[in-house]
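J.:
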Amino acid sequence: MLSRVRSAALWGLEAFAVECEIDVGPGLPGFVLVGLPDAAAREARERVWPALRNAGFQLPDRRVTVNLAPAERRKEGASADLAVALGVLTATSQAPPARLESSAAIGELSLDGALRGVRGTLGLADALKRAGSQTLLCAAAAAPEAALVPGLRVHAVDSLTQAVAWLRGEELPETRAAKPDADGGEDGDLADVRGQAVARRALEIAAAGGHHLLFIGPPGIGKSMLARRMPGILPALGPEEALTVTRLHSAAGLRPPGRGLMVRRPFRAPHHSLSRAGLIGGGAPPRPGELSLAHRGVLFLDELAEYPRHLLDALREPLETGSVWLSRAAGTVRFPARAQLIAAMNPCKCGWLGHPRRGCKCTPTDLQHYAARVSGPMLDRLDLQIEVPALTSSELMAASSGEASAVVRERVLAARDRQRERGALNALMPTAALRLACALDAHGQRLIAEAMDRGGLSARGVHRALRVARTIADLAGEEIVTTMRLAEALQYRAYETRRFVAR
Ligand SMILES: Nc1ncnc2c1ncn2[C@@H]1O[C@H](COP(=O)(O)OP(=O)(O)OP(=O)(O)O)[C@@H](O)[C@H]1O
Ligand SMILES: [Mg+2]
Ligand SMILES: [Zn+2]
334 MLSRVRSAAL WGLEAFAVEC EIDVGPGLPG FVLVGLPDAA AREARERVWP ALRNAGFQLP
394 DRRVTVNLAP AERRKEGASA DLAVALGVLT ATSQAPPARL ESSAAIGELS LDGALRGVRG
454 TLGLADALKR AGSQTLLCAA AAAPEAALVP GLRVHAVDSL TQAVAWLRGE ELPETRAAKP
514 DADGGEDGDL ADVRGQAVAR RALEIAAAGG HHLLFIGPPG IGKSMLARRM PGILPALGPE
574 EALTVTRLHS AAGLRPPGRG LMVRRPFRAP HHSLSRAGLI GGGAPPRPGE LSLAHRGVLF
634 LDELAEYPRH LLDALREPLE TGSVWLSRAA GTVRFPARAQ LIAAMNPCKC GWLGHPRRGC
694 KCTPTDLQHY AARVSGPMLD RLDLQIEVPA LTSSELMAAS SGEASAVVRE RVLAARDRQR
754 ERGALNALMP TAALRLACAL DAHGQRLIAE AMDRGGLSAR GVHRALRVAR TIADLAGEEI
814 VTTMRLAEAL QYRAYETRRF VAR
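Going by the working numbering, the sequence shown opens with residue 334, and the numbers climb by one from there.
#1: Which residues share a DSSP beta bridge with ARG407?
#2: When you measure from the CB of PRO552 to every non-hydrogen atom of ligand 2, does any distance come out below 8 Å?
#3: Under three-state DSSP, which class holds VAL795?
#4: Going along the chain, which residues of its own chain have a beta-carbon closer than 7 Å to the beta-carbon of TYR640, five neighbours each way excluded?
#5: Counting only the same chain and skipping the five closest in sequence on each side, list residues whose C-beta sits under 7 Å from that of HIS545.
#6: Of all the options ARG407, GLU405, ALA404, ASN400, which has the alpha carbon lying nearest to the alpha carbon of VAL421?
#7: With a Cβ-Cβ cutoff of 9 Å, do ARG667 and GLY345 count as a contact?
#8: State the beta-bridge partners of CYS353 as determined by DSSP.
#9: How big is the Cα-Cα spacing for LEU470 and SER660?
#10: For ligand 2, list every residue whose C-beta falls under 6 Å from any of its heavy atoms, going in chain order.
#11: From SER726 to LEU607, what distance separates their C-alpha atoms?
#12: Span of the beta strand (DSSP E) holding ARG661?
#13: Ignore the nearest five residues each way along the sequence and tell me which others in ALA541's own chain have a CB closer than 6 Å to its CB.
#14: Could you tell me the distance, in whole angstroms, from the CA atom of LEU567 to the CA atom of ARG598?
#15: Would you say GLY838 touches ligand 3, meaning its beta carbon is less than 8 Å from a heavy atom?
#16: With 16 as the cutoff for other CB atoms within 10 Å, does ARG407 come out buried or exposed?
#17: What I want to know is whether the C-beta of ASP525 ends up closer than 8 Å to one or more non-hydrogen atoms of ligand 1.
#18: Can you give me the C-alpha to C-alpha distance between LEU570 and PRO513, rounded to a whole angstrom?
#19: If you draw a straight line from the alpha carbon of GLY322 to that of GLU376, how long is it in whole angstroms?
#20: Taking the alpha helix (DSSP H) that GLY542 belongs to, which residues open and close that run?
#21: Taking DSSP as the reference, what is the three-state secondary structure of GLN718?
#22: Going by beta carbon distance, what residues of the same chain come within less than 6 Å of VAL834, once the five residues before and after it are set aside?
#23: What I want to know is whether the C-beta of LYS694 ends up closer than 8 Å to one or more non-hydrogen atoms of ligand 3.
#24: Three or more beta-carbon pairs under 8 Å between the segment 519-539 and the segment 729-740, yes or no?
#25: For the putative contact between ASP491 and LEU448, defined by C-beta atoms under 8 Å, what is the C-beta separation to the nearest angstrom?
#26: Applying the criterion that 16 or more other CB atoms from any shown protein chain within 10 Å of the CB defines a buried residue, is HIS643 buried or exposed?
#27: Round the Cβ separation of LEU637 and VAL707 to the nearest angstrom and send it over; I've been treating them as touching at under 8 Å.
#28: Relative to ligand 3, is the shortest distance from any of its heavy atoms to the C-beta of LEU700 smaller than 8 Å?
#29: Is there contact here, the segment 351-359 with the segment 378-385, by at least three beta-carbon pairs under 8 Å?
#30: Do you know how far the Cα of THR454 is from the Cα of ALA510?
#31: With distances taken between CB atoms, is the gap from PHE301 to ILE813 smaller than 9 Å?
#32: State the DSSP-derived secondary structure class of ALA827, mapped to helix, strand or coil.
#33: Is GLY528 near ligand 1, in the sense that its beta carbon is under 8 Å from a heavy atom of that ligand?
#34: Return the Cβ separation of ARG486 and GLU507 in integer angstroms, given the expectation that the two are a contact with Cβ distance under 8 Å.
#35: Using DSSP with H/G/I as helix, E/B as strand and the rest coil, what is LEU769?
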């Protein structure tokens with residue numbers, strides 16, 4: 334007897350419907366699985382058989398062939414376990430098939446027949462709805478995420494037994510969609526930060542225009558503190574963005590059970606000891622890395638000089654294109670990677686170079702080596718390079734607190750509205766559009782020429798400075814980019830140009 338049960342599988346970020354065809358026919362008792370499954374799916378037999386037995390069902394005494402279609406697509410994971418088990422039961426007349434006609438099932442079975450949620454449930458449920466399924470059975474932990482898909486009826490089941498009871502006519506409540514999740518994992522208000530007017534200004538510009546930002550300064554002056562407050566001054570994710578970001582986190586297995594769409598921009602702060610796959614993505618099956626987990630949000634690289642050079646260089650292309658491409662024998666996988674970079678570092682190895690009260694103990698060689706740890710092309714991509722000074726005691730003890738995040742956020746949103754009218758965030762504006770959006774007068778052009786000739790600013794550096802100048806003008810609500818705005822933008826590249834001159 335043949336039965337068909339619909340499920341879904343994941344490959345990278347791509348989710349697609351899978352038809353599980355189960356044939357129970359003559360031949361020696363056995364179980365054959367076809368349809369290019371990966372190791373986890375191949376182990377399905379090792380899970381499905383004990384689950385059936387331990388739930389009290391009869392194992393077929395004939396030959397069982399399971400085909401996961403489409404056969405030519407790679408599939409990862411154990412998401413089809415429940416569908417395969419239900420197919421075996423309907424093919425052996427232990428459960429009625431009627432309710433499976435317009436339904437699908439996803440979930441991994443444990444040996445005792447309990448059902449577990451799987452990674453990427455949001456994408457899987459979405460693919461099933463698109464493929465025409467009206468009802469979905471899935472694990473209770475994953476059900477509120479699956480129910481985010483509009484128009485899909487989701488029933489949470491704890492076990493194979495409960496799923497079979499539903500097939501036999503028992504009613505199950507419909508799971509409600511989880512509420513939007515505004516918990517980004519990062520909080521703290523800018524009002525907590527004392528002094529550091531220039532760094533605060535740079536943070537606001539970076540937030541407004543989507544620019545990459547580098548803080549350079551001695552230990553304990555608020556660099557990390559400022560960076561962590563970035564999500565609090567950024568707009569919430571749009572509906573499409575929220576879906577993609579949530580799917581990325583779900584595909585990485587990072588969504589806590591019962592949480593809804595992510596609406597706050599993600600903030601990721603990976604340690605410098607992470608692997609290339611951890612940063613960029615990788616593995617088999619392929620999973621998104623920290624860069625993609627920061628998609629539409631912030632990737633914070635604290636102690637930038639501690640990251641191995643090859644890691645930083647691996648970031649360059651994805652930062653430019655907004656995508657990570659992973660080549661696999663089974664085909665190429667793409668993960669979105671449009672993240673905003675915030676980096677922080679000390680000015681030298683000992684940390685105290687340029688500090689008014691503490692002496693730097695580094696040798697000239699130390700200084701050279703330290704500066705060389707961040708490559709020129711990487712530095713070039715950091716539009717705002719801000720030297721953050723040590724705090725004076727009166728600044729730290731000042732009674733008045735700084736401006737609150739909510740106030741700064743209002744200005745950021747207004748500046749972003751102006752950019753939307755032009756089409757794109759300034760950091761992402763096509764180079765061809767720069768000439769019009771940042772038209773300069775003769776004085777402004779002279780300023781640029783000087784920065785290139787004397788400061789060694791690269792052509793890319795000029796374009797980046799123009800974008801930053803455009804953002805500064807947007808924050809001020811100005812139509813044209815004045816020389817004053819351009820001068821401020823150029824000043825934020827002082828670290829790079831000084832380093833160039835020093836060489
Ligand atoms: N500008 C500031 N305003 C208020 N508190 C501050 C400020 N700077 C530092 N602090 C206090 O010092 C602590 C350390 O600051 P933070 O971690 O931001 O330093 P950092 O500049 O990142 O240093 P490091 O180079 O060591 O990473 C903060 O948790 C805070 O309590
Ligand atoms: Mg720090
Ligand atoms: Zn030093």
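Glycine residues also receive a C-beta, built at the ideal position from the N, C-alpha and C atoms. The model shown is predicted, which means the values in this text are computed figures rather than measured ones.
T.: By the coordinates alone:
#1: Beta-bridge pairing links ARG407 to no other residue.
#2: Yes.
#3: VAL795 sits in a helix when the DSSP states are folded into three classes.
#4: Within the same chain, HIS605, LEU634 come within 7 Å of TYR640 by CB-CB distance, once the 5 residues on both sides are set aside.
#5: Only GLN673, LEU674, ARG714, LEU715, ASP716 meet the Cβ criterion.
#6: Minimum Cα-Cα distance from VAL421 among the listed residues ARG407, GLU405, ALA404, ASN400 corresponds to ASN400.
#7: The answer is yes: Cβ separation under 9 Å.
#8: VAL338, LEU401, per the DSSP bridge assignment.
#9: So the two alpha carbons sit approximately 33 Å from each other.
#10: The answer, residue by residue, is LYS556, SER557, ASP635, ALA677.
#11: Taking the straight line from one Cα to the other gives about 36 Å.
#12: ARG661 -> beta strand (DSSP E) spans 656-661.
#13: Closer than 6 Å at Cβ, skipping near neighbours: VAL745, ALA748, THR804, LEU808.
#14: Those two C-alpha atoms are separated by around 7 Å.
#15: Because the chain in this structure spans residues 334 to 836, residue 838 falls outside the shown range and cannot be described.
#16: In the assembly as shown, ARG407 is a buried residue. Its beta-carbon has 16 or more other beta-carbons within 10 Å.
#17: Indeed, a heavy atom of ligand 1 lies less than 8 Å from the Cβ.
#18: A straight-line Cα-Cα distance of about 11 Å links LEU570 and PRO513.
#19: Since the displayed the chain opens at 334 and closes at 836, residue 322 lies outside it and no answer follows.
#20: Here the alpha helix (DSSP H) through GLY542 covers 530-542.
#21: Here GLN718 sits in strand by DSSP.
#22: In this predicted model, VAL834 has a pLDDT of only 41, less than 50, meaning its place in the structure is not dependable; the value taken from the coordinates is given anyway. So the list is empty, once near-sequence residues are dropped.
#23: Indeed, a heavy atom of ligand 3 lies less than 8 Å from the Cβ.
#24: By the criterion of at least three beta-carbon pairs nearer than 8 Å, the segment 519-539 is in contact with the segment 729-740.
#25: Contact flag correct, Cβ pair sits at about 6 Å.
#26: Its Cβ having fewer than 16 others within 10 Å, HIS643 is exposed.
#27: By a beta-carbon distance limit of 8 Å, LEU637 contacts VAL707. Their separation comes to about 6 Å.
#28: With a cutoff of 8 Å, LEU700 counts as near ligand 3, since its C-beta is closer than that to a heavy atom of the ligand.
#29: The answer is no - the segment 378-385 does not touch the segment 351-359, with fewer than three Cβ pairs under 8 Å.
#30: Distance between the alpha carbons of ALA510 and THR454 is about 13 Å.
#31: Residue 301 lies beyond the residue range present for the chain, which begins at 334 and ends at 836; the question has no answer from this structure.
#32: It is helical.
#33: Placement of the Cβ of GLY528 at a distance of less than 8 Å from at least one heavy atom of ligand 1 is found.
#34: That pair is a contact at about 6 Å.
#35: Reduced to three states, the DSSP call for LEU769 is helix.
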